[in-house]
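Residue numbers (this note's numbering), protein chains in the order written: chain A, 375 to 454; chain B, 430 to 662. Backbone N, C-alpha and C define an ideal beta-carbon position, used for all residues, glycine too. Here the structure is a predicted model, which is why all the values come from computation and not from measurement. Down below is the structure, laid out as structure tokens.
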Amino acid sequence: MYKAKVYITLRKSILDPKGKAAYQALQNLGLTEVKDVRIGKFIEINIDADSEEKAFELAETACTKLLANEVMEDFRIEIE
Amino acid sequence: MSKKIGVIVFPGSNCDHDAYHAMKHVMNAETKFLWHKDTDLSGIDLLIVPGGFSYGDYLRSGAIARFSPIMNAVQKYVKQGSPVLGICNGFQILLEANLLPGAMLHNEKLRFVCKNVHIRVESTRSPFTAGLKTGQVLNVPVSHGEGNYFIDDEGLKKLEDHDQIAFRYCNEQGEITEESNFNGSVSAIAGITNEAGNVLGMMPHPERAMEDILGSTDGIPFFQSMFNELEIA
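So this is what it looks like as structure tokens:
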């Protein structure tokens, strides 16, 4: 059994209003060293596959078909 | 035989009855509900994908609804050139189903916005707006948290080149200002059509602007123009 960790973030060119709001709040907290905040999604998928490559492929299919909308989001997969 | 309008009901749709009421009781058209598990769209002459929060907006608005059994039938229905109108969540579903280009982001100011706004008719190319005038201003309500339409520069150019932008947010005078584009949409886009012109997606709710008691009747000329064009009695 493999575990896929999927990170989904808004594409860099897209303004992230939630990240911006969190950034502002962190500035108000006095954490002025914080220079940027981007908020995304984290998804864990347990996959029954024969190999790490197959698990990755399956997770990739899951991302492109459903979990991420590539019009506005990027995704990154880590297999454990 | 009179023509029939179908309104899809997903788990979590909540403007399905608004659309049904507007079509059946205000426009006096034969109208029926279609369950998301239905797979037969035969006999339907205009399909409405209504607003709401299908599947609780889990993951992204419209992302799960796109996999409902009825959506295969909708894909075929669109391919054969039949007309589909997606309102609000319906628009989001059509985007997720790749029946329209682009995607929806959270409103720029992160607030759910529920108020009457003005939209300007930008194109009369499709049967949905053929009876309206370019530049005509309609007063219609919006009610959404994720209506910030996004498309990349290349996609926007394509929309413009093919005259696919149906509506833009504007002020009462029909001018597009920073303030009138309250959700931050690319190019103030409020509604678009597909290239073929038989699918219209729009965030505002014309079906909620059909009676004086609701504050505006500007939905009537919109639907009337569509009915004339599609020859719906």
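Between the CA atoms of residue j and residue i - distance to the nearest angstrom
i: B:A532; j: B:E551; result: 20 Å
i: B:Y506; j: B:L470; result: 7 Å
i: B:L524; j: B:D641; result: 32 Å
i: A:K392; j: B:V628; result: 31 Å
i: B:L539; j: B:D486; result: 16 Å
i: B:S654; j: B:I621; result: 17 Å
i: B:H573; j: B:K433; result: 28 Å
i: B:K453; j: B:R549; result: 26 Å
i: A:I382; j: B:A458; result: 44 Å
i: A:K439; j: B:Q602; result: 42 Å
i: A:V380; j: B:R597; result: 36 Å
i: A:A395; j: A:T435; result: 32 Å
i: B:I473; j: A:L389; result: 40 Å
Per DSSP, the bridge partner or partners of residue i
i: B:Y578; result: B:M533
i: B:L567; result: B:I548
i: B:M631; result: B:I516 and B:G620
i: A:Y376; result: A:I421
i: A:E452; result: A:K379
i: B:R489; result: Looking at the DSSP assignment, B:R489 forms no beta bridge with any residue, so it has no partner.
Cβ shell of residue i (< 7 Å), same chain only, five flanking positions each side left out
i: A:D422; result: M375
i: B:S490; result: N518, Q521, M533 and E575
i: B:F462; result: V436, V438, D445 and Y449
i: A:A429; result: Y376, A378, I421, A423 and I453
i: B:G613; result: N536, E537 and N577
i: A:E447; result: I382, T383, L384 and R385
8 Å contact criterion, which residue i and residue j should meet: CB distance rounded
i: B:I618; j: B:Y578; result: 5 Å
i: B:N443; j: B:F482; result: 7 Å
i: B:S645; j: B:N527; result: Not quite, the Cβ-Cβ distance comes to about 32 Å (not below 8 Å), so this is no contact.
i: B:T468; j: B:P498; result: 6 Å
i: B:L561; j: B:P650; result: 7 Å
i: B:L567; j: B:S616; result: Not a contact, Cβ separation roughly 18 Å.
Beta-carbon proximity list for residue i, same chain, < 8 Å, skipping 5 on both sides
i: A:N443; result: none
Interface positions of the stretch 558–588 of chain B facing chain A (Cβ-Cβ less than 7 Å), listed along the chain: F579
Proximal residues, the stretch 420–454 of chain A versus chain B, C-beta separation under 8 Å: L440, L441, N443, V445 and M446
Positions along the stretch 385–403 of chain A whose CB lies within less than 8 Å of some CB in chain B: S387, I388, L389, P391, K392 and A395
Residues of the stretch 519–547 of chain B with Cβ closer than 9 Å to any Cβ of chain A, in chain order: L524, E525, P530, G531, A532, M533, L534, H535, N536, E537, K538 and L539
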